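Visitor: In the numbering used here, the protein residues as written are 3 to 262.
Cβ atoms here follow ideal geometry from the backbone N, Cα and C, with glycine treated the same way.
In this text the structure is predicted, and so the values were computed from the model without any measurement.
One structure is given below, represented as structure tokens, and several questions about it will come after.
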Amino acid sequence: MKPDVSVVVPLRNEAPNVLTLADRIFRAMDNGQRVVELIFVDDGSTDETWMRVLEAKNLDSRVRALRHSRSAGQSAGLWTGFKACEAKVIATLDGDLQNDPADLPGMLAELENCDMVCGVRKKRRDSFVRRISSGVARIARKMVLGVDFRDSGCNLRVFKSSLLCDLIPFDGIHRFLPILAQATGAVIKELPVNHHPRTAGKSKYGICNRLGRGIVDLIALRWLLRRQLVLPRVTEWPVPAPLSASHTKDTSVCSSGTGN
3 MKPDVSVVVP LRNEAPNVLT LADRIFRAMD NGQRVVELIF VDDGSTDETW
53 MRVLEAKNLD SRVRALRHSR SAGQSAGLWT GFKACEAKVI ATLDGDLQND
103 PADLPGMLAE LENCDMVCGV RKKRRDSFVR RISSGVARIA RKMVLGVDFR
153 DSGCNLRVFK SSLLCDLIPF DGIHRFLPIL AQATGAVIKE LPVNHHPRTA
203 GKSKYGICNR LGRGIVDLIA LRWLLRRQLV LPRVTEWPVP APLSASHTKD
253 TSVCSSGTGN
């Protein structure tokens, strides 16, 4: 049976968290209303993450196990998962157990009235350095791009898979998904979500690869958005006759998943 929701989780050296996360996701989503697939993407881990992913798959057939031959980063892990999704709705969260899967049903309900729902962490359970970095990044986004999402660094999100058809993947895109989606005309909603302290594993981000990289990416993104084509309305004359049903163009790749 084709899933209603694809949950994508990129992983990098998160072996202690994999089984617990899978269990929490399925318990949160097992309300009988939606068919769910859980896509774990191991981004070239050097610990036992891959073994735990395979164990999770053996425990529940709804788990799909994907593995990068080398580490390519969080954005690559997400995009690999997106390409494998079979559902019209995609959910994402981190693999460190700081995002709470229990927030997903409420976010999915909100998706009825918009194209993307982004989590806003109510009480950040991160280090002082990470919280300060996020605050500075928010100010920088507002100054450089003129947009103000409260917590674009939160990777707990749900959105319609069709949004991805208008986006070009790049290293760092995970930080800017709401901004890029909004630039295509998508309606974005922010929703308060829970946040938990990390209890196992280590954070992959510091000042240089979080705040420094983010600001550099902001400058490049500003250039891209300012160069984005905004086409005027086009009128064709004479008006072409409508195509019959048998000649209608197939757009299933964008309307029902991202395809492979």
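Kindly indicate the opening and closing residues of the alpha helix (DSSP H) around D25.
Guide: That run of the alpha helix (DSSP H) goes V20 to M31.
Visitor: P194 by DSSP, collapsed to three states: which one?
Guide: DSSP places P194 in strand when its eight states are reduced to three.
Visitor: Which runs of the alpha helix (DSSP H), 4 residues or longer, sit entirely within the region 57 to 132?
Guide: Whole alpha helix (DSSP H) segments, 4+ residues: 76 to 86 and 106 to 112.
Visitor: Nearest to S163 by alpha carbon, out of W81, G46 and V55?
Guide: Closest by alpha carbon: W81.
Visitor: If contacts are defined as beta-carbon pairs under 8 Å, then S281 and E50 qualify, I think. What distance do you get, rounded to the angstrom?
Guide: As displayed, the chain neither begins before 3 nor continues past 262, which places residue 281 out of reach and without an answer.
Visitor: Would you say G121 and M109 are within 8 Å of each other, going by their C-beta atoms?
Guide: Their beta carbons are under 8 Å apart, which means G121 touches M109 by this criterion.
Visitor: Could you tell me if I221 is buried or exposed, where buried requires 16 or more neighbouring beta carbons within 10 angstroms of its beta carbon?
Guide: So I221 ends up on the exposed side.
Visitor: Are E57 and L99 closer than 8 Å when you measure CB to CB?
Guide: Taking 8 Å as the Cβ cut-off, E57 and L99 do not qualify as a contacting pair.
Visitor: Over what stretch of residues does the beta strand (DSSP E) that includes L13 continue unbroken?
Guide: Its beta strand (DSSP E) spans residues V7 to L13.
Visitor: Might you give, ordered along the chain, the residues of its own chain that have their beta carbon closer than 7 Å to the beta carbon of I27, omitting 5 neighbours on each side?
Guide: V9, L40 and P103.
Visitor: Need the endpoints of the beta strand (DSSP E) that L40 sits in, please.
Guide: V38 to D44 is the span of the beta strand (DSSP E), which, as asked, contains L40.
Visitor: Buried or exposed for M3, going by 16 or more other Cβ atoms inside 10 Å?
Guide: So M3 ends up on the exposed side.
Visitor: Just to confirm my understanding: we take R36, look at its own chain, exclude 5 residues before and 5 after, and list those with CB closer than 6 Å. What are they?
Guide: Excluding sequence neighbours, R36 sits near D6 and V7.
Visitor: Check whether the Cβ atoms of V65 and A30 sit closer than 8 Å, and answer yes or no.
Guide: No; because the gap between Cβ atoms is not below 8 Å, this pair is not in contact.
Visitor: Could you check the C-alpha separation between V55 and A67 for me, to the nearest Å?
Guide: Those two C-alpha atoms are separated by around 6 Å.
Visitor: Give me whichever residues DSSP pairs with S236 in a beta bridge.
Guide: The displayed chain sequence assigns Val, not Ser, to residue 236. Answer by DSSP bridge pairing: none, since V236 is not bridged.
Visitor: Go through its chain and collect everything with a Cβ distance to N19's Cβ below 7 Å, but skip five positions before and after it.
Guide: Only G97, D98, L99, A202 and G203 meet the Cβ criterion.
Visitor: Among A17, I175 and D32, which has the Cα closest to the Cα of A74?
Guide: Nearest option by C-alpha distance: I175.
Visitor: Can you give the Cα-Cα distance for F178 and A86, rounded to whole angstroms?
Guide: Going from the Cα of F178 to the Cα of A86 covers about 21 Å.
Visitor: Once the 5 residues before and after E16 are set aside, which same chain residues still bring their CB inside 7 Å of it?
Guide: Correct list, in chain order: T51, G97, D98 and G203.
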